[in-house]
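The opening position of the sequence shown corresponds to residue 490 in our numbering, with each subsequent residue numbered one higher. For each residue, glycine too, the CB sits at the ideal point set by N, CA and C. Here's the structure, in structure tokens; my notes come after.
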Amino acid sequence: MSLMPTIYRSTDAGAPSLSGQPGALAALLDAVLVDGYGTGAGAKTGLGWAREFLSPNKRVYRNNVVTGSGYYLRLDDANAQYGLLRGFESMSDVDNGGNAVPTVAQMTNGCLWPKSSTASATERPWFAIGTERCFYLFIRHTGISGQDAPHFAGDLASYVADDQHSFCVSNTKLTSYSSGFGMNVLFMMFAPDLNAYPINSNTGGLYIARSSAGAAAPQRLTSWSPYYMGRTMVPYGGVAGTIQVPEQVNKGVFAVPGQLLERLMVFRGEYPGLLLPFSSLSYSDGTYLEGQTTISKRFSCTSETGTSPLEGEVLFDLARAWH
Numbered sequence: 490m491s492l493m494p495t496i497y498r499s500t501d502a503g504a505p506s507l508s509g510q511p512g513a514l515a516a517l518l519d520a521v522l523v524d525g526y527g528t529g530a531g532a533k534t535g536l537g538w539a540r541e542f543l544s545p546n547k548r549v550y551r552n553n554v555v556t557g558s559g560y561y562l563r564l565d566d567a568n569a570q571y572g573l574l575r576g577f578e579s580m581s582d583v584d585n586g587g588n589a590v591p592t593v594a595q596m597t598n599g600c601l602w603p604k605s606s607t608a609s610a611t612e613r614p615w616f617a618i619g620t621e622r623c624f625y626l627f628i629r630h631t632g633i634s635g636q637d638a639p640h641f642a643g644d645l646a647s648y649v650a651d652d653q654h655s656f657c658v659s660n661t662k663l664t665s666y667s668s669g670f671g672m673n674v675l676f677m678m679f680a681p682d683l684n685a686y687p688i689n690s691n692t693g694g695l696y697i698a699r700s701s702a703g704a705a706a707p708q709r710l711t712s713w714s715p716y717y718m719g720r721t722m723v724p725y726g727g728v729a730g731t732i733q734v735p736e737q738v739n740k741g742v743f744a745v746p747g748q749l750l751e752r753l754m755v756f757r758g759e760y761p762g763l764l765l766p767f768s769s770l771s772y773s774d775g776t777y778l779e780g781q782t783t784i785s786k787r788f789s790c791t792s793e794t795g796t797s798p799l800e801g802e803v804l805f806d807l808a809r810a811w812h
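Here is the structure:
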């Protein structure tokens, strides 16, 4: 469709519902990535991904082969309460592919994305934003206000020139799920210290297809931010930051890109279109800023060891193409 981002919400007219039933996440991704939804002035087209293979409760999507990596994203949505996702460099059918992201050795069943804390038809709020290369999906799987879990799949804004292997799938670290908020490791938890977090199973919130050296082996990435306010990482908090809102010189928003490390001191790229505000929880969820050029998004995640959700906030750039 485009490298300009499109926003989708569960509150849109004609939007698919998400619930604790098999196939619900597949129906949502069918609509957001491929088919679109709605009629008339409120209609929204899909992001421009292809649906390469499908079978009951299984899907294989592919991002754009010209502007993107052309990698495949496989979804197994047979479980009522969560979907299992894995990327592939190539696929021959809905179940078989080459160069998995992550590998089976890394995540036996794939990356688990919770849909609902109950196996029922109760609808859960969701928010998605993306392009023909990547997408973010926020799911309020507990149904509790403020507990929107973030997920990502697609190509990073890579620092490697002409990178054909920047495809990522976010990981919650969960291997099963039945209730509660669950674990979200450090996906979208931005550490300010280049030495603070060795990248391991507790901190690697994303799996990328290949390292910057090009080896055909997925590895974990972790998020990093250059800004630190006291003991609070930029995108989550509840403590007032040192930057006034709006910024006092031009009444704008002061923010920086969210970067990703592939190992200590080595940057791999940036989250596409994502910005970290230099303030803490200053904007309400889904607020348009700067004349409709930016939108805020609240989310929840957990610490390395805890399971109680912490609230955070990021901004998405709506005015420029996401490369």
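Report back the beta-carbon spacing between residue i and residue j to the nearest angstrom; my notes put them in contact at under 8 Å.
i    : j    : result
P511 : N585 : Actually they do not touch by this definition, with Cβ atoms about 22 Å apart.
R787 : D637 : 6 Å
L804 : P766 : 6 Å
A816 : L574 : Because the chain is modelled from 490 through 812, residue 816 falls outside the range shown and cannot be assessed.
T711 : L750 : 5 Å
T611 : F670 : That pair is no contact at about 16 Å.
L778 : V742 : 6 Å
L695 : P494 : Between P494 and L695 the Cβ distance is about 19 Å, and since that is not below 8 Å, they are no contact.
S605 : Q570 : 5 Å
F624 : L522 : 7 Å
L564 : A608 : The pair is not a contact, with the Cβ atoms about 18 Å apart (cut-off 8 Å).
P707 : V590 : 5 Å
V759 : A646 : Note that residue 759 corresponds to Glu in the displayed sequence, not to Val. Indeed they touch by this definition, with Cβ atoms about 4 Å apart.
F627 : V583 : About 27 Å; that fails the 8 Å criterion.
Which of helix, strand or coil does DSSP assign to residue i?
i    : result
L753 : coil
V590 : strand
V523 : helix
G531 : helix
V583 : coil
P639 : strand
D501 : coil
L710 : strand
Q510 : coil
S659 : strand
E612 : coil
G826 : With the chain covering 490 to 812 only, the question about residue 826 has no answer from this structure.
V554 : coil
E759 : strand
V549 : strand
L765 : strand
G726 : A caution first: G726 carries a pLDDT of 41, below 50, which makes its placement in the model too unreliable to give a value.
R720 : Any reading at R720 is ruled out, since the residue's pLDDT is 32, under 50, leaving its predicted position unreliable.
Strictly by DSSP, which residues pair up with residue i?
i    : result
D651 : Looking at the DSSP assignment, D651 forms no beta bridge with any residue, so it has no partner.
V803 : K786
W811 : In the DSSP output, where bridge partners are listed per residue, W811 has none listed.
I618 : I496 and Y625
A705 : According to DSSP, which records beta bridges pairwise, A705 is partnered with nothing at all.
Y777 : I784
Along the chain, where does the beta strand (DSSP E) that runs through residue i open and close?
i    : result
L573 : Y571 to M580
A539 : A539 to S544
L645 : First-last for L645: undefined, no H or E at that position.
D565 : Y561 to D565
I633 : Segment: none, I633 is in no beta strand (DSSP E) and carries neither H nor E.
L601 : C600 to P603
Y696 : L695 to I697
I'd like the span of the alpha helix (DSSP H) that includes residue i, first residue to last.
i    : result
A513 : A513 to L518
Residue i: beta carbon under 7 Å from a heavy atom of the ligand ADP?
i    : result
L695 : The ligand ADP is not part of the structure shown, which contains no ligands of any sort.
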